[in-house]
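2 protein chains.
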Amino acid sequence: MPEAKLSSSLEDYLECVYNRINLNGAVKAIEISKDLNVSRASVTEALNKLAQKEYINYGRYEMISITEAGIKKAREIINKHNVIQSFFEDVLGISSTEAANTACQIEHIITENILEKLSSFNKFCSSEPDFINRFKNK
Amino acid sequence: MPEAKLSSSLEDYLECVYNRINLNGAVKAIEISKDLNVSRASVTEALNKLAQKEYINYGRYEMISITEAGIKKAREIINKHNVIQSFFEDVLGISSTEAANTACQIEHIITENILEKLSSFNKFCSSEPDFINRFKNK
DNA sequence: TAAATTTGTTATGCAAGACTAACATTTTAA
DNA sequence: TTAAAATGTTAGTCTTGCATAACAAATTTA
Numbered sequence: 001m002p003e004a005k006l007s008s009s010l011e012d013y014l015e016c017v018y019n020r021i022n023l024n025g026a027v028k029a030i031e032i033s034k035d036l037n038v039s040r041a042s043v044t045e046a047l048n049k050l051a052q053k054e055y056i057n058y059g060r061y062e063m064i065s066i067t068e069a070g071i072k073k074a075r076e077i078i079n080k081h082n083v084i085q086s087f088f089e090d091v092l093g094i095s096s097t098e099a100a101n102t103a104c105q106i107e108h109i110i111t112e113n114i115l116e117k118l119s120s121f122n123k124f125c126s127s128e129p130d131f132i133n134r135f136k137n138k
Numbered sequence: 139m140p141e142a143k144l145s146s147s148l149e150d151y152l153e154c155v156y157n158r159i160n161l162n163g164a165v166k167a168i169e170i171s172k173d174l175n176v177s178r179a180s181v182t183e184a185l186n187k188l189a190q191k192e193y194i195n196y197g198r199y200e201m202i203s204i205t206e207a208g209i210k211k212a213r214e215i216i217n218k219h220n221v222i223q224s225f226f227e228d229v230l231g232i233s234s235t236e237a238a239n240t241a242c243q244i245e246h247i248i249t250e251n252i253l254e255k256l257s258s259f260n261k262f263c264s265s266e267p268d269f270i271n272r273f274k275n276k
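Residue numbers (my numbering), protein chains in the order written: chain H, 1 to 138; chain Z, 139 to 276.
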């Protein structure tokens with residue numbers, strides 16, 4: 001039942017919920033609204049959709065909590081984000097901001113398979129700093 | 139005047155127009171419809187938008203041609219596509235199909251700066267086949 | 001604790017991008 | 001050279017994701 005494909009947009013909302021809850025133990029709609037630069041009304045709408053898909057628990061004026069399925073999904077998204085950002089930053093030498101911004105978008109697109117390969121590639125590169133240094137000084 | 143930001147969707151249409159014209163000297167709406175898996179009606183709509191932005195020349199029941207600005211833009215998109223696909227395929231060892239499919243989406247997102255870095259990285263890797271082989275046999 | 005402020009919700013609307021169905025035009029072939 | 005088939009267009013609808021404005025509830029503070 002709690003298995004439904006999320007749009008990029010809903011993934012962003014879920015990721016935000018997860019991060020805020022992990023940071024502060026709770027999250028309010030207005031914080032999400034500020035983090036994602038959207039109106040409070042859009043947040044309400046998105047939270048209802050996430051609740052309907054059973055990724056969060058939520059009802060009118062209620063506290064927001066995240067379900068097990070929500071945690072799992074959020075961690076997958078965040079993991080994708082981190083692997084992509086790390087490739088841009090640590091391998092290609094892109095600035096942290098640009099790496100993060102682009103990772104934020106690619107995280108919704110990249111397949112599990114490519115993610116795994118990219119993750120091993122990151123590890124392989126960090127085990128061979130010489131190679132990366134030669135690339136950077138090229 | 140012929141400078142307007144394109145949505146991912148319109149970039150796909152433009153890319154398809156460019157590729158088909160390069161391949162056959164001309165392109166018909168029905169071919170675009172098949173290539174992109176959309177209805178004929180959607181193609182009409184997209185072509186009107188591209189014409190309005192001056193990336194193609196087009197009018198009711200007229201032949202489709204591409205403008206200079208359209209060619210420039212299409213080549214940029216295709217270059218992005220190729221660099222990304224090449225990274226997935228040649229560096230990470232992803233299958234051609236999966237590499238192409240994912241590249242098709244990332245091409246609309248990646249910045250010029252990251253593209254350039256990725257492009258040099260591809261070249262650097264192909265100049266050091268040893269490194270890539272060690273990664274693949276890891 | 002009552003008034004003011006903040007936060008959340010609802011109703012409504014808009015834009016993009018897709019669809020189907022009906023119609024128009026063009027092309028093919030009998 | 002017409003009749004049939006293929007292609008292109010238009011009109012109307014749907015979905016997603018966003019917005020604003022007005023209202024409701026909760027929270028803060030005087």
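Every residue gets a Cβ at the ideal spot worked out from N, C-alpha and C, and that includes glycine.
Every value quoted in this text rests on a predicted model; they were computed, and no experiment measured them.
Interface residues of the stretch 205-232 of chain Z facing chain H [CB-CB below 8 Å]: 226, 229, 230, 231 and 232
Residue range of the unbroken alpha helix (DSSP H) whose run includes residue 264(Z): Taking the second sequence and counting its residues from 1, the one referred to as residue 264(Z) is at position 126. Start and end: 250-264.
Cut-off 7 Å between Cβ atoms - residues of its own chain near residue 187(Z), not counting five sequence neighbours on either side: On the second sequence, position 49 is the one that residue 187(Z) refers to. Result list for residue 187(Z): 148, in chain order.
Cβ neighbours of residue 232(Z) in the same chain (closer than 6 Å, five flanking residues each side left out): In the second sequence, the residue the question calls residue 232(Z) occupies position 94. Excluding sequence neighbours, residue 232(Z) sits near 226.
Where the alpha helix (DSSP H) containing residue 208(Z) begins and where it ends: The residue given as residue 208(Z) occupies position 70 in the second sequence. First-last of the alpha helix (DSSP H) with residue 208(Z): 206-224.
Rounded C-alpha distance that separates residue 111(H) from residue 84(H): Counting from one through the first sequence, the residue named residue 111(H) turns up at place 111. Counting from one through the first sequence, the residue named residue 84(H) turns up at place 84. Looking at the two C-alpha atoms, the distance is approximately 12 Å.
Within-8 Å CB hit, residue 52(H) to chain Z: Position 52 of the first sequence holds residue 52(H). The Cβ of residue 52(H) sits no closer than 8 Å to any Cβ of chain Z.
Nearest to residue 236(Z) (by Cα), restricted to the options 115(H), 4(H) and 97(H): As a position in the second sequence, residue 236(Z) is number 98, starting the count at 1. For residue 236(Z), the nearest C-alpha among the options comes from 115(H).
As assigned by DSSP and simplified to three states, the class of residue 8(H): As a working mapping, residue 8(H) is identified with position 8 in the first sequence. Residue 8(H) falls in the helix class under three-state DSSP.
Cβ-Cβ separation, residue 77(H) to residue 21(H) (assumed contact under 8 Å), whole Å: For the purposes of this step, residue 21(H) is taken as the residue at position 21 of the first sequence. For the purposes of this step, residue 77(H) is taken as the residue at position 77 of the first sequence. Wrong, their Cβ atoms sit about 14 Å apart, outside the cutoff.
DSSP state of residue 162(Z) mapped onto helix, strand, coil: Residue mapping note: residue 162(Z) aligns to position 24 of the second sequence, counting from 1. Here residue 162(Z) sits in helix by DSSP.
Beta-carbon proximity list for residue 33(H), same chain, < 6 Å, skipping 5 on both sides: The residue you call residue 33(H) lines up with position 33 of the first sequence. 40 and 43.
Residue 36(H): first and last residue of the uninterrupted alpha helix (DSSP H) it sits in: Counting from 1 along the first sequence, the entry for residue 36(H) is found at position 36. That run of the alpha helix (DSSP H) goes 29-36.
Beta-carbon neighbours of residue 251(Z), restricted to chain H and to distances below 8 Å: In the second sequence, residue 251(Z) corresponds to position 113, counting from 1. Going along chain H in sequence order, the residues near residue 251(Z) (Cβ under 8 Å) are 94 and 98.
Endpoints, alpha helix (DSSP H) assigned at residue 201(H): In the structure displayed, chain H extends from 1 to 138; residue 201(H) sits before or after that span and is not available.
Residue 65(H) - partner residues in DSSP beta bridges: Locating residue 65(H) in the first sequence gives position 65, counting from the first residue. In DSSP, residue 65(H) forms a bridge with 57(H).
Cα-Cα separation between residue 63(H) and residue 207(Z), rounded to whole angstroms: Start at 1 with the first residue of the first sequence, and residue 63(H) comes out as number 63. Start at 1 with the first residue of the second sequence, and residue 207(Z) comes out as number 69. Answer to the nearest angstrom: the Cα atoms are 52 Å apart.
Where residue 102(H) meets chain Z, residues with beta-carbon distance less than 8 Å: By 1-based counting over the first sequence, the position of residue 102(H) is 102. Chain Z residues near residue 102(H): 247, 248, 249 and 252.
Closest Cα partner of residue 212(Z) within the set 267(Z), 274(Z), 263(Z) and 153(Z): The sequence position of residue 212(Z) within the second sequence is 74, counting from 1. Out of 267(Z), 274(Z), 263(Z) and 153(Z), 153(Z) has the C-alpha closest to the C-alpha of residue 212(Z).
Contacts of residue 106(H) in chain Z (Cβ-Cβ under 7 Å): Here the question's residue 106(H) lines up with position 106 in the first sequence. Simply 244 and 247.
Anticipated Cβ contact below 8 Å, residue 150(Z) with residue 174(Z), distance rounded: For the purposes of this step, residue 150(Z) is taken as the residue at position 12 of the second sequence. For the purposes of this step, residue 174(Z) is taken as the residue at position 36 of the second sequence. Contact holds; Cβ gap of about 6 Å.
Cβ neighbours of residue 58(H) in the same chain (closer than 6 Å, five flanking residues each side left out): The residue given as residue 58(H) occupies position 58 in the first sequence. Result list for residue 58(H): 47, 51 and 64, in chain order.
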